[in-house]
Each structure stands twice: as C-alpha cells, then as structure tokens.
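Heads up: the sequence shown is residues 0 to 348, going by numbering that gives the first Met the number 0.
Below you'll find the structure, written out as structure tokens, and then a few comments.
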Amino acid sequence: MADFIEIDFIEAGERGSGDAITLRHRREGYDSIYVIDGGYRDDGNTIVDHIRMYYGANSSIDHLVLSHPDSDHASGLVTVLEKMTVGCLWMNRPWMHVDQLMPMFERYQDRDRLTARLRRDFPKVAELESLANGKNITIQDAFQGDTIGEFTVLSPHKETYFELIVKSDKTPVPAEKRLAHLAKSISDAEWGEENLKGDTEGTSPENETSIVQFAEVCGKKIILTGDAGVGALTEAYQAAYGIGRPIGSPDWFQVPHHGSRRNVSTDVLNKLLGDILPEVHTPPKGKFAIISANRNDAEHPKKAVIRAMIHRGRSVFQTRGTLCVSSDNAPPRNWAQAIPLEYPRGQED
Numbered sequence: 000m001a002d003f004i005e006i007d008f009i010e011a012g013e014r015g016s017g018d019a020i021t022l023r024h025r026r027e028g029y030d031s032i033y034v035i036d037g038g039y040r041d042d043g044n045t046i047v048d049h050i051r052m053y054y055g056a057n058s059s060i061d062h063l064v065l066s067h068p069d070s071d072h073a074s075g076l077v078t079v080l081e082k083m084t085v086g087c088l089w090m091n092r093p094w095m096h097v098d099q100l101m102p103m104f105e106r107y108q109d110r111d112r113l114t115a116r117l118r119r120d121f122p123k124v125a126e127l128e129s130l131a132n133g134k135n136i137t138i139q140d141a142f143q144g145d146t147i148g149e150f151t152v153l154s155p156h157k158e159t160y161f162e163l164i165v166k167s168d169k170t171p172v173p174a175e176k177r178l179a180h181l182a183k184s185i186s187d188a189e190w191g192e193e194n195l196k197g198d199t200e201g202t203s204p205e206n207e208t209s210i211v212q213f214a215e216v217c218g219k220k221i222i223l224t225g226d227a228g229v230g231a232l233t234e235a236y237q238a239a240y241g242i243g244r245p246i247g248s249p250d251w252f253q254v255p256h257h258g259s260r261r262n263v264s265t266d267v268l269n270k271l272l273g274d275i276l277p278e279v280h281t282p283p284k285g286k287f288a289i290i291s292a293n294r295n296d297a298e299h300p301k302k303a304v305i306r307a308m309i310h311r312g313r314s315v316f317q318t319r320g321t322l323c324v325s326s327d328n329a330p331p332r333n334w335a336q337a338i339p340l341e342y343p344r345g346q347e348d
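Rendered as structure tokens:
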C-alpha cells in the first residue's frame, strides 16, 4: 500500500475534557505508531483497544508522547505503558535538569531536596518514569529542535521550560481555574470579532510547557499543540522559521486546551493560520481545526474560539466520539462523516 497518515482524536474524559491522540504513518510499507497524550486513566484502555482494532492486533507503539504533566493528558498513558510495547517515551522531567534549576529556586540549596520536591509536584510524570524504567523503555526529553519520528518539536525551548517550571512553583493555581466563574454570558458579534483572552489572561505555566510538534507528511502540514498558550505558540511559530520549516497554513491544526480562549489570541492565530477572511468566501478544502472536548463538557469549546477558527477558513470538529483525519491512500473506516461545528453568531463576554 502507498504511503499514508491517519490521526485519531479520541473523545477523552466523561465531563471534563482530556487529550488522547493516536497516529499511524505508513512509509515504504512500514507502519510507525504514535500516541500523544492519554486522557484520564480509563481512556488508556480506549487507546489500547483502538490501536489494536484499527492499526493491527499485534501493534506496538514507536513514540509515546506526554505533551505536559496535567492529569487529563498523562493518566491514560499509565494504562498504555502497562498494556502495550513502547519504543520510546517522550516527556520532559524537571528533576533531570536540577543542576540548571537550582539557582532559580531560592529556597533550595540541596539538589536532592529539590529533586524530591519536583517529583512531588509532578506525580504523573514520576509515575510514568518509574513504569517506563521498570520495562526498560527509553525516555527522551522533547525540546525545541528535537525530532519525534516525522515530527519536529517547535516548543518549548529548554531555557523557556526552566523559567516556566519556576513560575509553576510560584503560581500553583492555573489562571483558567481562578477565572472559571467569568464569561458566562453570550453577546451577539459581527463576523471577524474575536473576544480571545490569550494575551490578557493567559493560561498556566504548566500548559505553556506543552510540547508543540510540527510535521509535513503525505502532503499534509500538521500542528499538535497540547495545552499550549500564546507564549508557546509564538515560540513555535518563530522556531519553525528559524529551522527552515515555516508552518505556512497547516492542513490539520489541533486547537489547544479543548478550545479555551485563554490559550489563543487574534495575533498568534493570524501567524499560524492566516488572516481573517471576508465573511463571504470559499472555504479552503481540507483545512481542519480539531478540538479535543468531550460531548459533556459544558465549558469547552468556547464560542469565541470556534469563531476564530472559522474566520480563518477552518472546518471545526469536536471530539463527540473519535475523529479520524487521514491523507490519501489511508485504509477506509466506513465511519459516518463528521459534521463540522456551525458558526456561532455570538461569543462569550
């Protein structure tokens, strides 16, 4: 069979949303399988079953990626590690850089104490590390410029990551949780108006550590973002040009953080996806924005974010069930065709 790529965005979580992505890339007759984030613990079983059903009963995972340490991304990977053969686990562990971090933590003068503190602060990462070590699975950092199979890591830069780890210590309560009571009302808005909060309220330091990946495979430009905020997305955009892999206008774009408006801004979306189009336009064919937000999540995705994607010619899809996007030559699934979200005529105040 000819080369192809298929990416499955699995509906994760029951009420609160999570991220769980599987990917198969066939090149010259060889399949490479990726898992990027695992949702909650029970979602790990869904991932395992999905891979065995659609990628092959005896499949193994070449690249297992934890974008950042939040439990709605990390917990399911424990189950995946327990049940499947994995070639390499990609995740960033702050305690592996304790010597560089020590001068940035005024309260800690002993590396063992700081190491213990960091492992307590990021328990899911520590759990994954322990499990992978027990199975002799290689663990690799994923910083700007590293390659994960066909994907290039655009963010975080290692120095940025260190700064964010320190900020995480100072700001333990994520901004979106503190501000969750806001923006309950919806107001009508004209085409092109975008009430996004990435520049003003922003997201948590932990989210900004998300591994942002870019690939151009089988004629498709792909960006996977985790829960990246404006800082990480801007860094990714700049890095792509710096290494000679400009993002251009990606075909498949993972909308960060379940469609939260605190992770994006008009400016960064203009950079990544292109400028706002006229209201009357012909949508570009095959340009998708995928939002990992389960059907019971009352908070996500935000209408302002759906509008922003459609303003830039994207067909927007939400994980109300598993979504599959695929290139030419991918094997047919005989699934029902996904229906894109409609354009909201209003947005959050």
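By construction, the Cβ of each residue, glycine as well, lies at the ideal position given by its N, Cα and C atoms.
Exercise. Where does the unbroken beta strand (DSSP E) through Y29 begin, and where does it stop?
Worked result: If you number the sequence shown from 1, residue 29 lands on position 30. Looking at the DSSP string, the run of the beta strand (DSSP E) that includes Y29 is Y29 to G37.
(Q) Whether or not the segment 193 to 200 and the segment 4 to 24 are in contact is what I'm after, with contact meaning three or more pairs of Cβ atoms, one per stretch, closer than 8 Å; do they touch? (A) no
Among the candidates F252, A73, L22 and E27, whose CA atom is the shortest distance from the CA of I50? For the purposes of this step, residue 50 is identified with residue 51 of the sequence shown, where counting begins at 1. Taking only the C-alpha atoms, the option nearest I50 is L22.
Inset, instruction - Identify, in the order they occur along the chain, each residue of the same chain with its Cβ nearer than 8 Å to the Cβ of V216, setting aside the five sequence neighbours on each side. - result: As a working mapping, residue 216 is identified with position 217 in the sequence shown. If we look at V216 and ignore the five residues flanking it on each side, its Cβ neighbours are I4, H24, E149 and S326.
* To do: Determine the direct distance from the alpha carbon of E192 to that of N135, and round the result to whole angstroms.
  => Here residue 135 refers to the residue found at position 136 of the sequence shown. Here residue 192 refers to the residue found at position 193 of the sequence shown. Whole-angstrom Cα-Cα distance: 52 Å.
Original post:
Count the other CB atoms within 10 Å of the CB of P173; is the residue buried (16 or more) or exposed (fewer)?
Top reply: Here residue 173 refers to the residue found at position 174 when the sequence shown is read from its first residue. Residue confidence for P173 is low, a pLDDT of 42 falling below 50, so the modelled location carries little weight; the figure read from the coordinates is stated next. Burial call: buried.
Which same chain residues end up closer than 6 Å to S248 when comparing Cβ atoms and leaving out the 5 residues on each side of it in sequence? In the sequence shown, the residue the question calls residue 248 occupies position 249. Excluding residues within five positions, the ones whose Cβ falls inside 6 Å are G273.
Where does D382 fall in DSSP's three states?
-> Since the first residue shown for the chain is 0 and the last is 348, residue 382 is missing from the structure and cannot be characterised.
Would you tell me roughly how many angstroms separate the C-alpha atoms of S184 and E347, rounded to the nearest one? Taking the sequence shown and counting its residues from 1, the one referred to as residue 184 is at position 185. Taking the sequence shown and counting its residues from 1, the one referred to as residue 347 is at position 348. Distance between the alpha carbons of S184 and E347: 6 Å.
| said: On a Cα-Cα basis, can you pick out the residue from D226, I275 and G241 that is closest to P255? | reply: As a working mapping, residue 255 is identified with position 256 in the sequence shown. Answer by Cα proximity: D226.
At what residues does the beta strand (DSSP E) containing D61 begin and finish? Start at 1 with the first residue of the sequence shown, and residue 61 comes out as number 62. Element bounds for D61: I60 to V64.
- Taking only runs that begin and end inside the segment 64 to 96, name each unbroken beta strand (DSSP E) of 3 or more residues, in chain order. 85 to 89
Who are the near neighbours of I222 in its chain, counting only those whose CB is closer than 6 Å to its CB and skipping five residues on each side?
The residue labelled residue 222 in the question sits at position 223 within the sequence shown. Excluding positions up to five away in sequence, the list reads F213, P249 and F252.
So what does DSSP say about I290, is it helix, strand or coil? As a position in the sequence shown, residue 290 is number 291, starting the count at 1. Of the three classes helix, strand and coil, the one that applies to I290 here is strand, per DSSP.
Please report how far the alpha carbon of W89 lies from the alpha carbon of Q237, in whole angstroms. On the sequence shown, residue 89 is found 90 positions in, with the first residue counted as 1. On the sequence shown, residue 237 is found 238 positions in, with the first residue counted as 1. Cα to Cα, the separation comes out at about 23 Å.
C-alpha distance - L322 paired with A307, whole-angstrom precision | Stepping through the sequence shown from its first residue, residue 322 is reached at position 323. Stepping through the sequence shown from its first residue, residue 307 is reached at position 308. About 21 Å.
| Endpoints, the alpha helix (DSSP H) within which L130 is located | Within the sequence shown, the letter at position 131 stands for residue 130. Per DSSP, L130 belongs to the alpha helix (DSSP H) from P122 to G133.
Three or more beta-carbon pairs under 8 Å between the segment 230 to 244 and the segment 109 to 124, yes or no? no
**Item:** Helix, strand or coil at E162 according to DSSP, with G and I counted as helix
**Value:** Locating residue 162 in the sequence shown gives position 163, where the first residue counts as 1. Helix.
Practice item. Note down, in chain order, each residue of its chain lying with its Cβ closer than 8 Å to the Cβ of Y373, except the 5 sequence neighbours on either side. Key: What is shown of the chain runs 0 to 348, which leaves residue 373 out entirely.
Collapsed DSSP secondary structure at Q237 in the structure displayed
Taking the first residue of the sequence shown as position 1, residue 237 is located at position 238. Correct three-state label for Q237: helix.
Whose C-alpha, out of S66, T45 and S58, is nearest the C-alpha of T78?
-> Here residue 78 refers to the residue found at position 79 of the sequence shown. Measuring from the Cα of T78, the nearest candidate turns out to be T45.
Notebook entry, point to check: Where do the ends of the beta strand (DSSP E) carrying G345 lie?
Noted result: Here the question's residue 345 lines up with position 346 in the sequence shown. That run of the beta strand (DSSP E) goes G345 to E347.
Original post:
Are F161 and M103 closer than 9 Å when you measure CB to CB?
Top reply: The residue labelled residue 161 in the question sits at position 162 within the sequence shown. The residue labelled residue 103 in the question sits at position 104 within the sequence shown. Taking 9 Å as the Cβ cut-off, F161 and M103 qualify as a contacting pair.
| request: Could you please give me the residues that DSSP links to D7 through a beta bridge? | output: Here residue 7 refers to the residue found at position 8 when the sequence shown is read from its first residue. BP columns for D7 point to T21 and C323.
Straight-line gap, H180 to V64 (C-alpha atoms, nearest Å) | Stepping through the sequence shown from its first residue, residue 180 is reached at position 181. Stepping through the sequence shown from its first residue, residue 64 is reached at position 65. For H180, the predicted model reports a pLDDT of 44, less than 50, meaning its position is unreliable; a value from the coordinates is still stated below. Approximately 32 Å, taken between the alpha carbons.
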